[in-house]
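Single-structure report; data block below.
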Amino acid sequence: MKNKGLFITFEGIEGCGKTTQMNLLSDYLKKEGFSVLKTREPGGTRIGEKIRDILLNPDNKKMAKETEILLYGASRTQHIEEIIKPALKSGKIVLCDRYTDSTLAYQGFGRNMGISFIKRACRLSLGTIQPDLTILLDLDVKAGLDRIKNRKGGNDRIEKEKIAFHNRVRKGYLKLAKASRERIKIVKADKEIDEIQKEIKDIVIRKLYRKK
Ligand code: TMP
Numbered sequence: 219m220k221n222k223g224l225f226i227t228f229e230g231i232e233g234c235g236k237t238t239q240m241n242l243l244s245d246y247l248k249k250e251g252f253s254v255l256k257t258r259e260p261g262g263t264r265i266g267e268k269i270r271d272i273l274l275n276p277d278n279k280k281m282a283k284e285t286e287i288l289l290y291g292a293s294r295t296q297h298i299e300e301i302i303k304p305a306l307k308s309g310k311i312v313l314c315d316r317y318t319d320s321t322l323a324y325q326g327f328g329r330n331m332g333i334s335f336i337k338r339a340c341r342l343s344l345g346t347i348q349p350d351l352t353i354l355l356d357l358d359v360k361a362g363l364d365r366i367k368n369r370k371g372g373n374d375r376i377e378k379e380k381i382a383f384h385n386r387v388r389k390g391y392l393k394l395a396k397a398s399r400e401r402i403k404i405v406k407a408d409k410e411i412d413e414i415q416k417e418i419k420d421i422v423i424r425k426l427y428r429k430k
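Just so we're aligned, residue 219 is where the sequence shown starts under my numbering, counting upward by one.
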């Protein structure tokens, strides 16, 4: 079944500014009269937010990487069934803060798990829903980590990973973008917020017109 809506995901390393940019885009699209649903992964549902707490709690140091990927998948399955599918069916523009590219970049490249295993796990949890467009905010890892180091409440379990992990994640994202040039658009995130937002808006507007 073809979705009436548009599914846009935001991706990038820690501190790349994707949440800020997604919020600005949402405000813009709403002002233009579009019906927009903002959501995030892990989370987005009551069950998913509980899973998020487990995944990001820095006390859960013993979490096996297989447990980690299955929990991200479980949160995603719930999210798709409860939120994403119905929203797309009713014609909404769904803006999602992270999705399967995060799993490929963080668990696949960051944790060095085999990409074919990750793809299989993703297929199991996501069914057939793929983003129409993915905005990848690309930033130097050190710059990103500097931005988040004084975050209120401290850093979470993933943010606390070593810099080598975050470097693998960034490289992984860039590889994914190279392999899916049509869907994943790289936007440099080391610029002023307004400048970045203008670039994102241009990409999204082009996509919206092509979809009509
Ligand atoms: P954020 O939504 O605040 O960026 O935090 C979510 C964290 O979870 C972030 O460090 C990336 C990580 N993550 C994964 O490792 N795999 C995934 O599949 C997803 C969705 C997120």
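Glycine is no exception: its CB is placed at the ideal position from the N, C-alpha and C atoms.
Check, Outcome
"Chain-order list of residues whose beta-carbon lies under 6 Å from that of residue 261 (same chain, five-residue window excluded)", "267, 270"
"Residue closest to residue 242, alpha-carbon to alpha-carbon, out of 416, 423, 425, 284", "416"
"For residue 337, the three-state DSSP class (helix, strand or coil)", "helix"
"Cβ contact (3+ pairs, closer than 8 Å) linking the stretch 382–398 and the stretch 327–336", "yes"
"Given residue 359 as reference, the closest of 287, 312, 382 once Cα atoms are compared", "382"
"For residue 248 and residue 390, the rounded distance between their alpha carbons", "33 Å"
"Contact under 8 Å by Cβ, residue 224 with residue 355", "no"
"DSSP state of residue 365 mapped onto helix, strand, coil", "helix"
"Residues sharing a beta bridge with residue 408, DSSP", "Residue 408 is not bridged to any residue."
"DSSP-derived helix/strand/coil call for residue 232", "coil"
"8 Å Cβ shell around residue 408 - same chain, five flanking residues per side excluded", "357, 358, 361"
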